[in-house]
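Peer 1: Dumping the structure here so I can ask a few things about it.
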Amino acid sequence: MAVVDSVVDAVGGTPLVRLRTFGAHTESNILAKLEYMNPGGSVKDRVAFQIITDAEESGALVPGGTIIEATSGNTGMGLALAAAIRGYKTIFVMPDKMSEEKIRSLRAFGAKVVITPTNVEPEDPRSYYCVAKKLVEDTPNSFYANQYHNPSNPKAHYTSTGPEIWEQCEGNIDVFVSAAGTGGTISGVGKFLKEKNPNIRIVAADPVGSLYYDYFHSGKLTEAHSYLVEGFGEDFLPSTMSFEYIDDVIRVTDRECFDGARKLVRREGIYAGGSSGGAAVACEKIAERSERPLRIVTIMCDSASRYLSKVFNDNWMRENGFLEGPESNAIVADLLSRRGHVEVVTAAPERSIREVIGMMKDIGISQIPVIVGERIKGIVGERDLLQRLVGGDTPDSAIGEGSAKFAIVDPITRLSMLPEFFGRDQTVLVMNDGRLIGVITKIDYIDYVTST
Ligand SMILES: Cc1ncc(COP(=O)(O)O)c(C=O)c1O
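Quick note: the sequence shown uses the working numbering, first residue 1042, plus one each step.
In structure tokens form, the structure reads like this:
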């Protein structure tokens, strides 16, 4: 790269590196775009500079103004960097699970950082979205960067990350995988690549606890819960996430993300964080499932330096149970094949409560998935139906979509993920290629682990 005028012009143009250990046992190639090599240390530099440029052009951001953002850290770094050069003040609102390194880095740029509790609903006035909005109202000449609903976010990836990947691969790409948070990366790059070649598959990696996976596979907004990996997954649907460009969503556990990040650093020399670990693991799953060699491209979103006190700290890993013995490799498909053939019984929403209770009695089950076509609409359980009857419905009322909680997994999901769902009273539904192929209950799981 030749001499550039300011650090803003040094954003982008990041290397694309072939991974040597991830997917090495398959015929596929996994290529990692090192976005942590941007000046602010993450993929978000592109977004931050696009947001500021567009806001200056539209007049939303005026000289001497204050940029405010709810951020998990990386967008803040990009905004703080650009603000330093262009003379803006910055205030960032962050949830308290964020690493100390991220908070300190923002303060190093002279930013004000406001910390908010993680475990509150997005609508709660203490949530980081609400606190940021309030600050905008109360601060004169302020501009809310609003990465979750700002079209400049996916635009940055549509105009820079996507074209770079296309050129670096000379158009030879089968699958693009990205950890999805605001969805800016996957939607912007996805849109660009699909326009170039609609056969390229666009796959989002999603942490257990986020709602994207269930939403994509069932169309339902299930209850999100907290998880430890930072920077991706959401508990609401941002408008920057465009599912129209997404072909699949793959779920990854905290442990997979952290083990993945440690392997990236130690085995590949790629100094990336937990979401990059999750993306690399998702690529490997795709490679393992494929019957033909694939060229899979993914994003190394940010730097390991932001997680030295967590993912790369053995004490923290141990305290959180991530270093306890090797994780069992058993997967959902192992349980299904050990259990033998069990027919999946489903019901349409218009079936009556009487009919469905009859079905439950005949087959000896207590929960039935509600299906329209091949789509899962919900799940009805005995408790659910009883409450309906007590609440005034008649036995001839339609069951509707049911209100029991469920979680969708695929056959290659690790079995060690299931207790987390059972602990939340969710029934586990196994989907393969868009079809429901099994229901796993607590007893099935207990049977499996006690007999191995
Ligand atoms: C570490 C990390 N990984 C992944 C992402 C997800 O990127 P996007 O918001 O474009 O979906 C983010 C976003 O903030 C992030 O900070």
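We treat Cβ as the ideally placed atom computed from N, Cα and C, and that holds for glycine.
With a threshold of 7 angstroms (Cβ to nearest heavy atom), would K1351 be considered close to ligand 1?
Peer 2: Position 310 of the sequence shown holds residue 1351. It does not: the Cβ of K1351 is nowhere closer than 7 angstroms to a heavy atom of ligand 1.
Peer 1: Can you find the residues in the same chain that come closer than 6 angstroms, C-beta to C-beta, to E1339, ignoring five residues on each side of it along the sequence?
Peer 2: Here residue 1339 refers to the residue found at position 298 when the sequence shown is read from its first residue. For clarity, residue 1339 is Thr in the given sequence; the question names Glu instead. Taken in chain order, the residues that qualify are A1073, V1218, A1320, C1324.
Peer 1: Select from V1373, C1298, E1415 the residue whose C-alpha is nearest the C-alpha of F1363.
Peer 2: If you number the sequence shown from 1, residue 1363 lands on position 322. Answer by Cα proximity: C1298.
Peer 1: Whole angstroms is fine: what's the gap from L1120's alpha carbon to E1098's?
Peer 2: As a working note, residue 1120 is residue 79 in the sequence shown. As a working note, residue 1098 is residue 57 in the sequence shown. Cα atoms of L1120 and E1098: separation of roughly 16 angstroms, rounded to the nearest angstrom.
Peer 1: Please go through the same chain and pick out, in chain order, the residues whose beta-carbon is closer than 6 angstroms to the beta-carbon of P1195, but skip the five residues on each side of it.
Peer 2: In the sequence shown, counting from the first residue as 1, residue 1195 sits at position 154. G1225, S1228, G1229, T1281.
Peer 1: Is C1324 near ligand 1, going by C-beta to nearest heavy atom under 7 angstroms?
Peer 2: Position 283 of the sequence shown, counted from the first residue, corresponds to residue 1324. No, the beta carbon of C1324 sits no closer than 7 angstroms to any heavy atom of ligand 1.
Peer 1: Give a single yes or no on whether A1221 has its beta carbon closer than 7 angstroms to a heavy atom of ligand 1.
Peer 2: Residue 1221 sits at position 180 when you count from the first residue of the sequence shown. Yes, ligand 1 has a heavy atom inside 7 angstroms of this Cβ.
Peer 1: With C-beta atoms as the reference, is N1191 less than 8 angstroms away from T1107?
Peer 2: Numbered from 1 along the sequence shown, position 150 holds the residue referred to as residue 1191. Numbered from 1 along the sequence shown, position 66 holds the residue referred to as residue 1107. Against a cut-off of 8 angstroms, the Cβ pair of T1107 and N1191 comes out as no contact.
Peer 1: For T1159 versus V1172, is the C-beta spacing smaller than 8 angstroms?
Peer 2: Here the question's residue 1159 lines up with position 118 in the sequence shown. Here the question's residue 1172 lines up with position 131 in the sequence shown. The answer is no: Cβ separation not under 8 angstroms.
Peer 1: Evaluate S1444 with the Cβ neighbour count: other Cβ atoms within 10 Å of its Cβ, from every protein chain shown; 16 or more gives buried, anything less gives exposed.
Peer 2: For the purposes of this step, residue 1444 is taken as residue 403 along the sequence shown, with counting starting at 1. When all chains shown are included, S1444 counts as exposed.
Peer 1: What's the gap between the Cα of E1360 and the Cα of R1296?
Peer 2: As a first step, residue 1360 is located in the sequence shown; it is residue number 319 there, counting from the start. As a first step, residue 1296 is located in the sequence shown; it is residue number 255 there, counting from the start. One alpha carbon belongs to E1360, the other to R1296, and they sit about 13 angstroms apart.
Peer 1: Verify whether the separation of the beta carbon atoms of V1058 and A1051 is less than 8 angstroms.
Peer 2: In the sequence shown, residue 1058 corresponds to position 17, counting from 1. In the sequence shown, residue 1051 corresponds to position 10, counting from 1. Against a cut-off of 8 angstroms, the Cβ pair of A1051 and V1058 comes out as no contact.
Peer 1: Where do the ends of the beta strand (DSSP E) carrying G1422 lie?
Peer 2: Locating residue 1422 in the sequence shown gives position 381, counting from the first residue. Taken as a continuous stretch (DSSP letters only), the beta strand (DSSP E) holding G1422 covers 1416-1422.
Peer 1: Do A1345 and G1314 have their CB atoms nearer than 8 angstroms?
Peer 2: Taking the first residue of the sequence shown as 1, we reach residue 1345 at position 304. Taking the first residue of the sequence shown as 1, we reach residue 1314 at position 273. By the CB criterion at 8 angstroms, A1345 and G1314 fall inside the cutoff.
Peer 1: Would a C-beta distance cut-off of 8 angstroms place A1328 and G1151 closer than the cut-off?
Peer 2: Position 287 of the sequence shown, counted from the first residue, corresponds to residue 1328. Position 110 of the sequence shown, counted from the first residue, corresponds to residue 1151. Judged by beta-carbon spacing, G1151 lies beyond the 8 angstroms limit of A1328, meaning their Cβ atoms are not closer than that value.
Peer 1: Using 7 angstroms as the cut-off, classify the Cβ of C1342 as near or not near the heavy atoms of ligand 1, replying yes or no.
Peer 2: For the purposes of this step, residue 1342 is identified with residue 301 of the sequence shown, where counting begins at 1. True, at least one ligand heavy atom lies under 7 angstroms from that Cβ.
Peer 1: Report, in whole angstroms, the separation of the C-beta atoms of T1468 and V1450, which I expect to be a contact under 8 angstroms.
Peer 2: The residue labelled residue 1468 in the question sits at position 427 within the sequence shown. The residue labelled residue 1450 in the question sits at position 409 within the sequence shown. In fact, because the Cβ distance is near 11 angstroms, the residues do not count as touching under 8 angstroms.
Peer 1: Can you tell me which residues form a DSSP beta bridge with T1157?
Peer 2: On the sequence shown, position 116 is the one that residue 1157 refers to. Partner(s): P1136.
Peer 1: Verify the CB distance criterion: does R1336 have a CB-CB separation below 8 angstroms to chain C?
Peer 2: Of the chains in the structure shown, none is chain C; there is only one protein chain.
Peer 1: Determine the burial state of T1491: buried for a count of at least 16 other Cβ atoms within 10 Å of its Cβ, exposed for fewer.
Peer 2: The residue labelled residue 1491 in the question sits at position 450 within the sequence shown. Under this definition T1491 is an exposed residue.
Peer 1: Would you identify the three-state DSSP class for E1233, choosing helix, strand or coil?
Peer 2: For the purposes of this step, residue 1233 is taken as the residue at position 192 of the sequence shown. Looking at the sequence shown, residue 1233 is not Glu but Phe. When DSSP states are grouped into helix, strand and coil, F1233 belongs to the helix group.
Peer 1: Run through DSSP, which three-state label would Q1408 get?
Peer 2: Walking along the sequence shown from the start, residue 1408 turns up at place 367. The answer is strand: DSSP assigns Q1408 an E or B state.
Peer 1: So does N1115 have its beta carbon nearer than 7 angstroms to some heavy atom of ligand 1?
Peer 2: Taking the first residue of the sequence shown as position 1, residue 1115 is located at position 74. Flag set: Cβ of N1115 near ligand 1.
Peer 1: Which of the three DSSP states, helix, strand or coil, is assigned to G1186?
Peer 2: The residue given as residue 1186 occupies position 145 in the sequence shown. According to the sequence as given, residue 1186 is Ala; it is not Gly. Assignment of A1186 by DSSP, reduced to helix, strand and coil, places it in the coil class.
Peer 1: Using 8 angstroms as the cut-off, can you tell me whether the segment 1238-1251 makes contact with the segment 1266-1283, which would need three or more C-beta pairs spanning the two stretches below that distance?
Peer 2: yes
Peer 1: Could you say which of G1100, E1461, L1234, T1482 lies nearest to V1293 if we only look at CA atoms?
Peer 2: Here residue 1293 refers to the residue found at position 252 of the sequence shown. With distances taken between Cα atoms, V1293 lies closest to E1461.
Peer 1: Do G1212 and K1232 have their CB atoms nearer than 8 angstroms?
Peer 2: Position 171 of the sequence shown, counting from 1, holds the residue named residue 1212. Position 191 of the sequence shown, counting from 1, holds the residue named residue 1232. Taking 8 angstroms as the Cβ cut-off, G1212 and K1232 do not qualify as a contacting pair.
Peer 1: State the start and end residues of the unbroken alpha helix (DSSP H) segment that holds T1491.
Peer 2: Here the question's residue 1491 lines up with position 450 in the sequence shown. It spans 1483-1491 - the alpha helix (DSSP H) in which T1491 sits, taken as one unbroken run.
Peer 1: Secondary structure at T1339, three-state DSSP: helix, strand or coil?
Peer 2: The residue given as residue 1339 occupies position 298 in the sequence shown. Strand at T1339.
Peer 1: To the nearest angstrom, how far is the alpha carbon of Y1256 from that of F1447?
Peer 2: Start at 1 with the first residue of the sequence shown, and residue 1256 comes out as number 215. Start at 1 with the first residue of the sequence shown, and residue 1447 comes out as number 406. C-alpha separation (whole angstroms): 12 angstroms.
Peer 1: Can you give the beta carbon distance from P1410 to T1435, rounded, assuming they're within the 8 angstroms contact cut?
Peer 2: Here residue 1410 is taken as the residue at index 369 of the sequence shown, counted from 1. Here residue 1435 is taken as the residue at index 394 of the sequence shown, counted from 1. About 23 angstroms; that fails the 8 angstroms criterion.
Peer 1: If you draw a straight line from the C-alpha of T1112 to the C-alpha of V1471, how long is it?
Peer 2: The sequence position of residue 1112 within the sequence shown is 71, counting from 1. The sequence position of residue 1471 within the sequence shown is 430, counting from 1. So the two alpha carbons sit approximately 34 angstroms from each other.
Peer 1: Mind pulling the beta strand (DSSP E) runs of 3 or more residues that sit fully within the segment 1092-1118?
Peer 2: 1107-1111
Peer 1: Measuring only from the beta carbon, is V1290 closer than 7 angstroms to any heavy atom that is part of ligand 1?
Peer 2: Within the sequence shown, the letter at position 249 stands for residue 1290. False, no ligand heavy atom lies under 7 angstroms from that Cβ.
Peer 1: The beta strand (DSSP E) with I1243 in it runs from where to where?
Peer 2: One-based indexing of the sequence shown puts residue 1243 at position 202. Segment 1242-1248, the beta strand (DSSP E) holding I1243.
Peer 1: Could you work out which residue in I1287, R1330, H1066, V1177 is closest to A1220 when comparing CA atoms only?
Peer 2: Taking the first residue of the sequence shown as position 1, residue 1220 is located at position 179. With distances taken between Cα atoms, A1220 lies closest to I1287.
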